[in-house]
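Heads up, the thing below is written out as structure tokens.
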Amino acid sequence: MSQPNVSTAAGGTSTSGDQTPVAVAYLMLIACAMMWGSNHVVARGVNATVPFEALSFWRWIVAILLLLPVCAKHLRRDLKVMAHHKMSMFLIGFTGVFLFSVVIYLAAFNTTAVNTGLLNATTPVWVLIFAAILTAEKPSGRQWLGVLIAGAGTATIITKADFSVFARMDFVLGDVLAMISAMVWATYSMLLKRAPKGIHPLSQIFVSALVGLCFLTPLYVWSLVVDGEPFFTRMDPAWPDMLKIFYIGAGPAFLGYLFWGKGVSVVGPANAGVFMYLMPVFASVLAIIFLGEELHLYHLGGIALIAFGIWQATRKKRERA
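For the sequence shown, this note's numbering begins at 1382 and goes up steadily by one.
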């Protein structure tokens, strides 16, 4: 879910005078990576009973209700500034909340949580590619080599190391969507550079969530009225699924962002960014434990190639940090 530009990719920003111990900040960053990794696992776990429209909608309803008390004082100060950057806030909310939620949950509903987590970890590579296409920032030869290596790792996972799949065009839909979700998050990360300066990260997340809900709400209503989907879940009793929905709203969408922002403010974006590479590790481990998914040799090969490719592509930035 992140990469280059890790100070902004999840809404984090530095604050002066923070008294949080460094050890506590590192624990927060680990917890953040675990919660964001668990998002894929929980979504995969409810795919048979909770429509993805309901999962996307109620996740952000929970997050907004929890965010409002802690960001109200910042909102009063920041709303006027954000009003002068309407298009930037719209694009940030549309990509980071609406589009990403829809694509990542569709991916989780159509492939394993292991694959979703691993393929979504290619975000730094897509940031690099999009920056090369859309901005004056041109990658070095070393960075392009990293892109190719990570791309080979992605292809290994999508094809299950059977590269004849490319000739047959016989792909698993969820794997393709998981890769697209990484592209969407990369786009969101780049758009965050256009966010108004000086606003509190919680204000930005809250308004982004409201923008995203402007699109998630009609999608959810459509699923209820036109498709006849259940209000929450097909499960009876409904409370186990409702607890899971509450978790992904309170955990990955609320506490994850709070912990990320606090961790970045204490240890800095460069040090914090390394912890995001734990996200696919947690997703894989939790999927194996709770969903009974299997880790195959092609996963290990893909992990190795993606990890080395990301390291190669981002090494120059880290050495300068």
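For glycine and all other residues, C-beta sits at the position ideal for the given N, C-alpha and C. None of the values given here were measured: they were computed from a predicted structure.
Excluding the 5 residues flanking residue i on each side, which residues of the same chain have their C-beta closer than 6 Å to its C-beta?
i, result
"M1564", "W1507"
"R1440", "I1629, G1630, A1634"
"A1412", "F1640"
"A1668", "V1422, A1494, V1495, E1674"
"M1560", "L1500"
Check for me: the alpha helix (DSSP H) holding residue i runs from which residue to which?
i, result
"Q1524", "1522-1540"
"P1611", "Here P1611 belongs to no alpha helix (DSSP H), and DSSP marks it neither H nor E."
"M1564", "1554-1572"
"V1478", "Looking at the DSSP string, V1478 is not in any alpha helix (DSSP H), and its letter there is neither H nor E."
"K1461", "1433-1464"
"S1545", "Run containing S1545: none; DSSP gives neither H nor E here."
"G1418", "1403-1426"
"I1580", "First-last for I1580: undefined, no H or E at that position."
"T1504", "1504-1515"
"K1625", "1620-1631"
"M1660", "1660-1671"
"L1639", "1637-1648"
How would you call residue i, buried or exposed, if buried means at least 16 neighbouring beta carbons within 10 angstroms?
i, result
"F1479", "buried"
"P1599", "exposed"
"W1620", "exposed"
"A1567", "buried"
"D1556", "buried"
"P1336", "The displayed coordinates of the chain run from 1382 to 1702. Any statement about residue 1336 would go beyond what the structure contains."
"L1515", "exposed"
"W1603", "exposed"
"G1579", "exposed"
"G1522", "exposed"
"A1517", "exposed"
"V1451", "exposed"
Spatial neighbours of residue i within its chain, please: CB distance less than 8 Å, with the 5 preceding and 5 following residues excluded, ordered by chain position.
i, result
"A1576", "T1389, H1466, S1469, M1470, I1473, Q1585"
"L1448", "L1583, I1586, F1587, A1590, F1635"
For residue i, I'd like the list of residues in its chain whose CB is within less than 7 Å of its CB, leaving aside the five on either flank, ordered along the chain.
i, result
"Y1486", "A1424, F1433, L1436, S1437"
"S1562", "F1481, V1484, I1485, A1488, N1501"
"F1511", "A1567, T1568, M1571"
"V1647", "D1399, T1401, V1403, A1406"
"A1444", "A1590, G1630, A1634, F1635"
"K1519", "A1513"
| field | Stretch pair the region 1492-1502 + the region 1607-1624: three plus CB contacts closer than 8 Å | value | no
| query | Are three or more beta carbon pairs between the region 1530-1541 and the region 1682-1691 nearer than 8 Å? | reply | The answer is yes - the region 1682-1691 touches the region 1530-1541, with three or more Cβ pairs under 8 Å.
| request: Say whether the region 1482-1496 touches the region 1665-1672, bearing in mind that this needs 3 or more beta-carbon pairs closer than 8 Å, one atom from each stretch. | output: yes
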